[in-house]
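Here the structure comes first, spelled out in structure tokens, and everything after it is commentary.
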Amino acid sequence: MQAAHELSQVQLLSVSIVALGFLYVSWTVTRNLLFSPLRRFPGPKIAALTRWWDIYHTVKCDKFKVIHELHRKHGPVVRVGPNHLSFSSPETFRQVYVKGCATFLKDRDFYANIQPGLGPKYSGLFNYTNHQQSIDERKLLQAKLSPSALRQYELRFLPILDTLVAIMKDKAELDLFAYFKFLMLDAIGDLAFNQSFHQLESGEEHQYVIDFNNAFTLIGLSLKDAYYGLQRVFKYAQTRVDAFLSEEKPKPGTLMEAYLENGKPKPPYTPWYIALSGHGFIVAGSESTSITLTYVVWLLIKHLDIQRRLRLELKNVPPDATGAHLASLPLLDAVIKETLRIYPPAPSAMPRVVPSRGAEMEGINYPPNVRFQLLHRILNFRLR
Numbered sequence: 262m263q264a265a266h267e268l269s270q271v272q273l274l275s276v277s278i279v280a281l282g283f284l285y286v287s288w289t290v291t292r293n294l295l296f297s298p299l300r301r302f303p304g305p306k307i308a309a310l311t312r313w314w315d316i317y318h319t320v321k322c323d324k325f326k327v328i329h330e331l332h333r334k335h336g337p338v339v340r341v342g343p344n345h346l347s348f349s350s351p352e353t354f355r356q357v358y359v360k361g362c363a364t365f366l367k368d369r370d371f372y373a374n375i376q377p378g379l380g381p382k383y384s385g386l387f388n389y390t391n392h393q394q395s396i397d398e399r400k401l402l403q404a405k406l407s408p409s410a411l412r413q414y415e416l417r418f419l420p421i422l423d424t425l426v427a428i429m430k431d432k433a434e435l436d437l438f439a440y441f442k443f444l445m446l447d448a449i450g451d452l453a454f455n456q457s458f459h460q461l462e463s464g465e466e467h468q469y470v471i472d473f474n475n476a477f478t479l480i481g482l483s484l485k486d487a488y489y490g491l492q493r494v495f496k497y498a499q500t501r502v503d504a505f506l507s508e509e510k511p512k513p514g515t516l517m518e519a520y521l522e523n524g525k526p527k528p529p530y531t532p533w534y535i536a537l538s539g540h541g542f543i544v545a546g547s548e549s550t551s552i553t554l555t556y557v558v559w560l561l562i563k564h565l566d567i568q569r570r571l572r573l574e575l576k577n578v579p580p581d582a583t584g585a586h587l588a589s590l591p592l593l594d595a596v597i598k599e600t601l602r603i604y605p606p607a608p609s610a611m612p613r614v615v616p617s618r619g620a621e622m623e624g625i626n627y628p629p630n631v632r633f634q635l636l637h638r639i640l641n642f643r644l645r
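Right, dumping it as structure tokens:
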């Protein structure tokens with residue numbers, strides 16, 4: 262009897278769990294499809310029900326193509342999540358990302374993962390969501406990123422570039438993307454941490470880079486490996502900052518100097534924050550630039566007429582030309598901009614949040630706290 266009674270209790274618990282699960286799923290479906298303020302916007306029903314639709318296409322690496330097709334089918338506004346909309350209008354882009362940057366704030370859920378952390382202390386320059394913090398940081402770095410400062414950085418960059426040129430002359434075949442990454446990581450590592458990774462000389466990725474790349478691998482990597490990989494990444498960054506701060510006469514012209522006063526961190530900045538910001542500069546500047554350089558070469562190989570015209574333009578450039586001189590070359594500038602249009606190095610959306618009072622744009626009313634996103638590809642190509 263007792264065994265039967267215990268069995269009936271287990272069965273009752275199982276039935277209760279199944280019933281609660283069914284009720285939850287039913288309520289989620291009903292709420293998202295019938296009662297959500299976003300129900301009037303077109304889009305896949307599965308996307309309206311769950312964020313797993315977005316995750317699936319992100320992992321599959323076809324999200325930008327799928328959303329592009331949705332806009333071609335449904336128009337300028339498409340629902341791509343339970344609380345997420347994608348838009349394709351240039352005017353809405355200007356209102357959200359240009360005029361409205363102080364009111365359409367960054368989506369915390371997204372930006373918290375840009376510099377994946379293990380707690381609040383991992384918050385830094387590249388995942389701020391507070392607009393005032395962004396303004397303060399921009400003012401702090403303004404002098405270090407001015408045209409005159411960039412000209413000074415050329416003196417640090419040219420020897421590293423000469424190393425790549427020598428390697429290219431010596432090798433019959435070369436993985437350009439890999440060596441462009443080595444180039445930019447060496448250059449930005451020197452600029453951010455006052456020390457190159459010396460990847461061009463070794464021809465191999467630094468352990469810092471390997472750990473960081475592994476930490477972002479979604480498949481085939483354990484959470485334990487990702488955790489310890491990130492620990493080593495941030496430990497290396499902090500070690501480099503500590504070494505820089507301990508130098509009596511550090512080499513001038515680094516981005517870290519913006520955070521220092523009399524050789525010590527300016528309040529409220531800490532060595533840890535400076536390390537995290539330096540890491541952010543490396544991540545943001547190396548991959549994006551190496552991708553663009555690779556596509557520039559690839560497109561020039563495909564379009565030989567443009568390649569010939571560019572060679573003629575560059576033949577007239579003196580050997581000691583500055584970056585400012587190169588920036589004034591019309592065809593070179595056009596090639597770079599067209600490459601960025603066709604192959605944006607950061608193709609993912611940068612979501613913003615509709616303010617608590619809601620918003621009205623181009624005759625459409627949007628409810629508060631909705632996540633907005635725009636993919637560069639949609640703006641860069643006509644929807645035909």
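Numbering (our numbering), first residue to last: 262 to 645. Cβ coordinates follow ideal geometry from the N, Cα and C atoms, glycine included.
About 6 Å separates the beta carbon of LEU444 from that of LEU461, a gap short enough to meet the 8 Å contact definition. Taking the Cα of ALA620 as reference, the smallest distance to any Cα among LEU452, VAL357, ASP315 is reached at VAL357. Comparing alpha-carbon positions, the option among LYS360, LEU346, LEU601 lying closest to GLU352 turns out to be LYS360. In the DSSP assignment, the residues bridged to ALA620 are TYR627. A straight-line Cα-Cα distance of about 30 Å links GLU518 and ASP368. Three or more Cβ pairs closer than 8 Å define a contact, and the region 461 to 473 falls short of that threshold against the region 574 to 589. In summary, VAL320 is exposed, with fewer than 16 beta-carbon neighbours lying within 10 Å of its beta-carbon over all protein chains present.
In the DSSP assignment, the residues bridged to VAL339 are SER347. Secondary structure note for GLN403: it is in no beta strand (DSSP E), and the uninterrupted alpha helix (DSSP H) holding it is 392 to 403. In the same chain as TYR520, and ignoring 5 residues on each side of it, the C-beta atoms closer than 8 Å to its own belong to LEU401, PRO526, LYS527, TYR530, TYR534, ILE535, SER538, in chain order. For the options VAL558, ILE597, LEU299, LEU294, the alpha carbon positioned closest to that of ASN626 is the one of LEU299. Each of ASP594, PRO513, LEU593, PRO612 was checked against the Cα of GLN456, and the nearest Cα belongs to PRO513. Of PRO305, GLY304, LEU593, the smallest CA-CA separation from ASN577 is found for LEU593. Closest in alpha carbon position to VAL544, among HIS335, LEU452, ILE328, THR291, is LEU452. Setting aside the 5 residues that flank it on each side, LEU590 is surrounded in the same chain by GLU574, each with a C-beta closer than 6 Å to its C-beta; the list follows chain order.
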